[in-house]
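First residue of the sequence shown: 399, per this note's numbering; consecutive thereafter.
Have a look at the structure below, then the notes.
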Amino acid sequence: MAENIIEVNDGSFEEQVLKSATPVLIDFWAPWCGPCRALTPTLEALAEDYKGRVKIVKMNVDENANVPATVGVRSIPFIALYKKGEMIDSLVGAVPKSKLSNMIEKALS
């Protein structure tokens with residue numbers, strides 16, 4: 399995983415995502431999920447593009463059941479955008495970088 403993408407779990411979600419000073423884009427994924435793996439280079443590019451302005455994090459749904467169940471993850475990849483502790487947007491599937499950039503830009507404006 400790229401050094402500018404943080405792996406979070408049920409225990410660190412509140413601190414890393416809900417209490418973050420900057421918006422957080424979280425990818426709920428699993429190692430066996432092809433579209434999830436296909437999305438990784440896009441997330442790495444976004445982490446570089448928005449370094450210092452948006453935090454990019456990933457959560458493995460196979461290893462963490464509580465948070466995905468609480469936020470309503472039903473299929474993966476599930477991308478959620480948090481700002482000030484609230485989920486403000488979400489997408490399902492391996493979406494193009496432009497769609498994720500638009501989502502992030504709205505949160506930053």
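For glycine and all other residues, C-beta sits at the position ideal for the given N, C-alpha and C.
- When the alpha-carbon of SER418 is set against those of PHE426, PRO429, ILE404, ALA428, the nearest one is in ILE404.
- Comparing alpha carbon positions, the residue from SER473, ILE486, GLU461 closest to GLY432 is SER473.
- Around the beta-carbon of LEU506, fewer than 16 other beta-carbon atoms lie within 10 Å, marking it exposed.
- CA-to-CA, the gap between ASP447 and LYS504 works out to about 15 Å.
- Rounded to the nearest angstrom, the gap between the Cα atoms of ASN464 and PHE411 is 10 Å.
- Here ILE486 is exposed, its C-beta having fewer than 16 other C-beta atoms within 10 Å.
- A residue is called buried when at least 16 other Cβ atoms come within 10 angstroms of its Cβ; TRP427 meets this threshold and is buried.
- Distances from the alpha-carbon of LEU437 to those of TYR480, ILE454, GLY470 put ILE454 closest.
- Of all alpha-carbon atoms in LYS482, ASP425, LEU444, GLY450, the one lying nearest the alpha-carbon of SER488 is that of ASP425.
- Using a Cβ distance threshold of 7 Å, LYS497 and THR440 do not count as a contacting pair.
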